[in-house]
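Residue numbers (the UniProt record's numbering): 1 to 380. Glycine is no exception: its CB is placed at the ideal position from the N, C-alpha and C atoms. Keep in mind that this is a model prediction, so the values were computed, not measured.
Pasting the structure below:
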């Protein structure tokens with residue numbers, strides 16, 4: 001191919017991304033309005049919209065004003081009818097999958113309870129492959145084509161290798177062969193933060209705290225998750241809250257996880273709903289467990305606020321259903337420790353996505369890739 005042809009293809013790819021992103025960000029728009037908003041010619045926009053219609057990512061219908069005098073034009077908007085993405089999650093207690101269309105509507109959801117602690121990676125990944133086959137077939141029956149998939153895991157990730165997931169008992173596990181599609185894998189807390197960004201509060205700046213067996217955090221700044229130099233940012237569970245406290249699995253003492261992780265909160269109870277039922281009945285031991293957890297969380301978050309200065313803290317994972325009992329102790333701890341060094345403490349809010357945050361974030365990650373690279377992702 002000549003250099004002129006390469007430049008043309010590159011320009012077309014860029015223009016398709018610009019038009020699709022404009023429809024996503026502020027649509028629906030007429031073709032005339034898209035030309036005005038993007039600075040492209042009407043002829044170019046019409047050609048690009050035709051390509052996007054053929055790919056099934058946009059639809060035309062309904063009359064809207066196109067920014068010109070005269071009759072209203074036909075609206076171009078994102079379509080949820082044909083293209084979708086797949087979010088996957090390996091949790092300590094379950095495997096999950098959800099199919100989300102381009103309008104960010106959840107079309108299918110599956111959860112399989114499982115005890116994945118200290119598990120055999122081959123067995124768990126085989127079960128996840130079976131789940132992928134099942135939900136992919138159901139998607140096809142619904143007329144949806146899955147374009148790509150992403151997986152949320154409770155550990156540190158490098159490329160497609162899960163470097164360390166202590167609660168799973170996994171180290172240096174290559175995750176491959178789940179799908180024959182564009183694929184990504186990331187830490188559960190990072191994807192949960194993105195799930196909250198895209199499906200929950202939709203705020204552009206916040207600190208998301210994911211309560212599970214471990215406790216992770218995702219810092220969203222300007223709509224992007226900050227991962228740190230080696231992708232290890234957000235290990236809130238190993239912030240020391242009591243220097244001479246109990247031994248933690250990491251080898252340290254008095255880590256937040258020891259006081260506010262799922263095991264510490266549940267004690268001998270089998271599930272979070274069971275704990276909520278105890279709390280609603282006024283059980284003293286359950287209330288004391290939440291009080292301890294909230295106090296420890298307030299200590300750890302005080303350090304995070306001093307270091308990161310977030311304007312909003314979102315409690316997710318198991319902290320979401322426990323929020324009515326955690327909010328007071330956490331807020332009191334933050335207010336008392338921040339003192340006069342700053343004004344009011346950051347807003348403390350409950351996640352809008354709850355336990356689905358990570359799997360939604362995984363699906364949303366692929367949606368973002370489609371919006372950014374429609375030619376590559378859709379084969380246009």
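In summary, residue 204 is exposed, with fewer than 16 beta-carbon neighbours lying within 10 Å of its beta-carbon over all protein chains present. Within the model, the alpha-carbon separation for residue 113 versus residue 274 is close to 16 Å. The Cβ atoms of residue 179 and residue 160 do not sit closer than 8 Å to each other.
The shortest C-alpha to C-alpha distance from residue 181 to any of 190, 133, 188 and 228 is the one to 133. Residue 377 and residue 115 have their C-alpha atoms roughly 35 Å apart. The Cβ neighbour count for residue 212, taken over all protein chains shown within 10 Å, is at least 16; the residue is labelled buried. DSSP lists 153 as the bridge partner or partners of residue 187. Counting only runs of 3 or more residues that sit fully inside the region 19 to 89, the beta strand (DSSP E) segments are 58 to 64 and 73 to 78, in chain order.
Residue pairing by DSSP places residue 165 opposite 170 in a beta bridge. The Cβ atoms of residue 346 and residue 335 lie no closer than 8 Å to each other.
Between residue 21 and residue 371 the beta-carbon gap is near 5 Å, inside 8 Å, which marks them as a contact. Our two residues, residue 367 and residue 354, have alpha carbons roughly 20 Å apart in a direct line. The region 262 to 269 makes no contact with the region 300 to 312: fewer than 3 CB pairs, one atom from each, lie closer than 8 Å.
A straight-line Cα-Cα distance of about 19 Å links residue 19 and residue 365.
Beta-bridge analysis with DSSP links residue 226 to 219. In the DSSP assignment, residue 248 falls outside any alpha helix (DSSP H) and carries neither an H nor an E. In this structure, residue 256 sits away from residue 223, with a CB-CB distance that is not shorter than 8 Å. Contact annotation, residue 111 with residue 96: C-beta distance approximately 5 Å; criterion of less than 8 Å satisfied. According to DSSP, residue pairing for residue 113 in a beta bridge involves 94. Beta-bridge pairing by DSSP links residue 255 to 240. Judged by DSSP in its simplified three-state form, residue 313 adopts strand.
Rounded to whole angstroms, the gap between the alpha carbons of residue 362 and residue 142 is 21 Å. Boundaries of the beta strand (DSSP E) around residue 349: 347 to 350.
Within the same chain, and ignoring the five residues on either side of residue 164 in sequence, the residues whose Cβ sits closer than 6 Å to its Cβ are 155, 156 and 171. Contact between residue 219 and residue 226 holds, since their C-beta atoms are separated by about 5 Å, short of 8 Å.
The shortest C-alpha to C-alpha distance from residue 76 to any of 369, 54 and 322 is the one to 54. Residue 125: not part of any beta strand (DSSP E); member of the alpha helix (DSSP H) spanning 121 to 141, first to last residue. For residue 180, the secondary structure class from DSSP, reduced to helix, strand or coil, is coil. Minimum Cα-Cα distance from residue 281 among the listed residues 325, 251 and 295 corresponds to 325. Rounded to the nearest whole angstrom, the C-alpha separation of residue 129 and residue 87 is 13 Å. With contact defined as three or more Cβ pairs closer than 8 Å, the region 39 to 59 and the region 10 to 18 are in contact. In the three-state scheme derived from DSSP, where H, G and I count as helix and E and B as strand, residue 160 is classed as coil. Spanning the alpha carbons of residue 302 and residue 102 requires a straight line of approximately 38 Å. Residue 153 holds the alpha-carbon nearest to the alpha-carbon of residue 187 among 359, 24, 153 and 330. With respect to residue 210, residue 184 sits apart: the two C-beta atoms are not nearer than 8 Å. Looking at the DSSP output, residue 145 bridges to 83.
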